[in-house]
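Numbering (this note's numbering), first residue to last: 56 to 353. Don't be surprised by glycine CBs; every beta carbon is placed ideally from N, CA and C. These figures come from a predicted structure and were not determined experimentally. Only one structure is covered here, and it is reproduced in the block below.
Laid out in structure tokens, this is it:
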């Protein structure tokens, strides 16, 4: 079992400074690392936020995101090279690009994408130009080259090496004109996860991610994959979602596999959790999931 290494990545370049930049502090204060034997591996600060939409790409802060992705990839890569398991605390979903770049430098990898939204927008269809609604599209090579070909290594992922899991925004994204998910990208929406059962669906996803030629997979967790009734502390709310036990089951199944390479956590907004109770419950869920990785009891 590899030692966990916590990396703070409080970037909001792909969203706005709404409060998600406080996620790392909130989860660490809520006891995320208790009993896990984790080490602290640093904090990657983002450049200044620019609220103006870039006229060339149609995206907010594209140059900042590209530069931040390289810096984050350096830190994640150092953790990987030391034989540790990176746990990256965002920030918004655009931090996924840096995590995947670290893996791309080391070969072909896959992605388990746990998110209430598919985040496959093209800039023309994203109302505010937020990369946090586009990161899966960007990671698979769809979008402006500045963000799809980082270090000349793009795309960061092949379609067939991705599983989108638990999303529930199909009608909303179609109405907004989002480009469709490609046929080779494996998609399990919330209804399909429920029909199979969360643990069975997660096992199916992991089996798919480990059956091909990739060297392992990353786990991306946007906390809005959780039911809005238990996770209202997000900026873009959508009814429905996974229960706490379902998410814990998915995380345990994925993180117990030796080919899991790292985890990021995004979008939780502590400013929408003034009593701190949701942070405590989220930290507990994450500890239980990560305990499958470390062997520690939680």
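- Inter-segment contact for the segment 164 to 172 and the segment 259 to 266 is present: three or more beta-carbon pairs are separated by less than 8 Å.
- Collapsing the DSSP output to three states places residue 312 in coil.
- About 22 Å separates the Cβ atoms of residue 221 and residue 180, ruling out a contact at the 8 Å cut-off.
- Ranked by Cα distance from residue 123, the options 321, 344, 64 and 319 are led by 64.
- Cβ neighbours of residue 239 within its own chain (closer than 7 Å, five residues either side excluded): 214 and 215.
- One thing to note: residue 154 has its Cβ no nearer than 8 Å to the Cβ of residue 312.
- Residue 184 places its beta carbon 8 Å or farther from that of residue 120.
- Rounded to whole angstroms, the Cβ separation of residue 60 and residue 96 is 4 Å, and the two are in contact under 8 Å.
- Approximately 6 Å separates the beta-carbon atoms of residue 299 and residue 285; this is inside 8 Å, confirming the contact.
- A check of alpha carbon separations from residue 126 across 139, 100, 110 and 117 identifies 100 as the nearest.
- When the alpha-carbon of residue 66 is set against those of 77, 202 and 192, the nearest one is in 77.
- Per DSSP, the beta bridge partners of residue 141 are 60.
- Judged by pairs of C-beta atoms under 8 Å, the segment 238 to 253 does not touch the segment 139 to 154, as fewer than three such pairs exist.
- The criterion of a C-beta distance shorter than 8 Å is satisfied by residue 152 and residue 205.
- About 5 Å separates the CB atoms of residue 159 and residue 211; that is less than 8 Å, so the two are in contact.
- Assignment of residue 123 by DSSP, reduced to helix, strand and coil, places it in the helix class.
- Annotation: the segment 228 to 256 contains the following complete segments of the alpha helix (DSSP H) (minimum length 4 residues), in chain order: 245 to 251.
- A straight-line Cα-Cα distance of about 12 Å links residue 326 and residue 332.
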